[in-house]
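J.: Residue numbers (full-length UniProt numbering): 1 to 354.
In this text, a Cβ means the ideal position worked out from N, Cα and C, and glycines have one as well.
Questions regarding the structure given below will be posed in turn.
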Ligand code: NDP
Ligand code: GDR
């Protein structure tokens, strides 16, 4: 039986990946941070009582900012595969916490690689590094592939750039199976509440149900290549099952503006929204409401821009080229954007209808 260790197991991707690996018969270990309130909601359904013995899902306290616990856990678990998903993953917040972000997202990656090397596990343990389309930053070319130059635009992306290159370096220097998945944005009902898609689906559900008046957003023009997290964790696993360690772009190849995602989310509840005005004065106004269950008056202003959500430097356009993943991994996403919006809206309408 293979053993996997997942950092960031309490996050969106950690939860879906743990589920996937358990379904494949792995023994799954995860690193969770100590917090004053329980933070395991996304993985509670996987919990097994350690007292029963023969458990396949085991959590360890730890933090990517502390190399001693990383070494201890890796020594204890002796994993066949490590998925380094732990990170301060919010781009806007990274401008407020740049040093911590560098510690965790950049040096945290080094701590994992170095622990595997020091413990003499370079031939046994494969390492997946959660790299990101944010590395592309300021547009150099589209669509963005494994060969597109990087130009990071946030402390988060700069930290991840270090994580990317130190992974490549350890692969080349020590002949390790250490690889980057350069994943474009992926979302789901488990997405953190302050990322734009989930912020939108939660707000739209609450506006439809009469629990909230308005949704405030930042840059409505930003374009993202959005996929479903369930499809993307499948790709992570496939990347580690290859004979040779290589880096892969994982994306849908289709880009959509934030404004359009808003429109699609409202359309799910039968509300047609049209946008008027420009820049900070742009507003989303209800044009029609075809669903009698949701009484939102025509002409109501349901979306407005709040410049507080703008970033000091923005990534305006991301479109990934998944050709390599499609041909070498035979990876194909099951969800398109419509199916993703439906899945998220269905979950949030159910959540707020309770
Ligand atoms: P989340 O923000 O949902 O999860 C991040 C995880 O990292 C959480 O489990 C969090 O723990 C943990 N974490 C945060 N800080 C530390 C720390 N100091 N030590 C240990 N663990 C820590 O992110 P996602 O699941 O969306 O993303 C997973 C990874 O993939 C991240 O590295 C992200 O940067 C990267 N990525 C994500 C993409 C996306 O679109 N989702 C695209 C490309 C890359 P806690 O629950 O306690 O906060
Ligand atoms: P991103 O995701 O920065 O791409 O990073 P996010 O959903 O935060 O932003 C996407 C785009 O939407 C614009 N935007 C807003 N964003 C947020 N969060 N809140 C708003 O109110 C808002 N209004 C407009 C943003 O400016 C941006 O252009 C995510 C994270 O998961 C990273 O960890 C990961 O590496 C990348 O995706 C790929």
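1. Straight-line CA distance for residue 122 to residue 65?
2. If we define contact as Cβ-Cβ less than 8 Å, is residue 35 a contact residue for chain C?
3. How would you write the range of the alpha helix (DSSP H) that residue 92 sits in, first residue to last?
4. If you run the structure through DSSP and keep just helix, strand and coil, what is residue 269?
5. When you compare the CB positions of residue 197 and residue 344, do they come within less than 8 Å of one another, or not?
6. Alpha carbon to alpha carbon, how far is residue 235 from residue 216?
7. Along the chain, where does the alpha helix (DSSP H) containing residue 160 start, and where does it finish?
8. For the beta strand (DSSP E) that residue 181 lies in, which residues bound it at each end?
9. Say whether the region 285-304 touches the region 229-245, bearing in mind that this needs 3 or more beta-carbon pairs closer than 8 Å, one atom from each stretch.
10. Which runs of the alpha helix (DSSP H) spanning at least 4 residues fall entirely within the region 38-78, listed in chain order?
11. Ordered along the chain, which non-local residues of its own chain (more than five positions away) have a Cβ less than 6 Å from that of residue 29?
12. Considering Cα atoms alone, identify which of 279, 74, 67 and 26 is closest to residue 55.
13. Under 8 Å by Cβ, that's how I've got residue 221 and residue 335 pegged, so tell me the actual separation to the nearest angstrom.
14. Contact defined as beta carbons within less than 8 Å: I believe residue 11 pairs with residue 31. What is the distance between those atoms, to the nearest angstrom?
15. Determine contact between the region 7-22 and the region 38-47, defined as no fewer than three beta-carbon pairs at a distance below 8 Å.
16. If you draw a straight line from the C-alpha of residue 310 to the C-alpha of residue 218, how long is it?
17. Can you tell me where the alpha helix (DSSP H) with residue 234 in it begins and where it stops?
18. Apart from the five residues just before and just after residue 212, which ones in its own chain have a Cβ nearer than 7 Å to its Cβ?
19. Whose C-alpha, out of 125, 147, 186 and 246, is nearest the C-alpha of residue 256?
20. Residue 108 by DSSP, collapsed to three states: which one?
21. Taking contact to mean 3 or more Cβ pairs, one atom from each stretch, closer than 8 Å, check whether the region 108-119 and the region 71-90 are in contact.
22. Looking at residue 112: is its Cβ nearer than 8 Å to the Cβ of residue 127?
23. Whose C-beta lies closer than 7 Å to the C-beta of residue 135 among residues of the same chain, with five residues either side of it excluded?
24. So, under 8 Å CB-CB, residue 315 and residue 137 are touching, yes? Tell me the CB distance rounded to an integer number of Å.
25. Where does residue 278 sit, in a helix, a strand or coil, going by DSSP?
26. Going along the chain, which residues of its own chain have a beta-carbon closer than 7 Å to the beta-carbon of residue 333, five neighbours each way excluded?
T.: So, to answer that:
1. 22 Å
2. No chain C appears in the structure shown, which is made up of a single protein chain.
3. 91-96
4. coil
5. yes
6. 34 Å
7. 155-174
8. 178-183
9. no
10. 67-77
11. 5, 58 and 77
12. 26
13. No, residue 221 and residue 335 are not in contact; Cβ-Cβ is about 24 Å, not under 8 Å.
14. That belief does not hold up - the Cβ atoms of residue 11 and residue 31 are roughly 11 Å apart, past 8 Å.
15. yes
16. 5 Å
17. 229-240
18. 203 and 206
19. 186
20. helix
21. yes
22. yes
23. 150, 152, 157, 160, 161, 164 and 182
24. 5 Å
25. coil
26. 227, 228, 231 and 252
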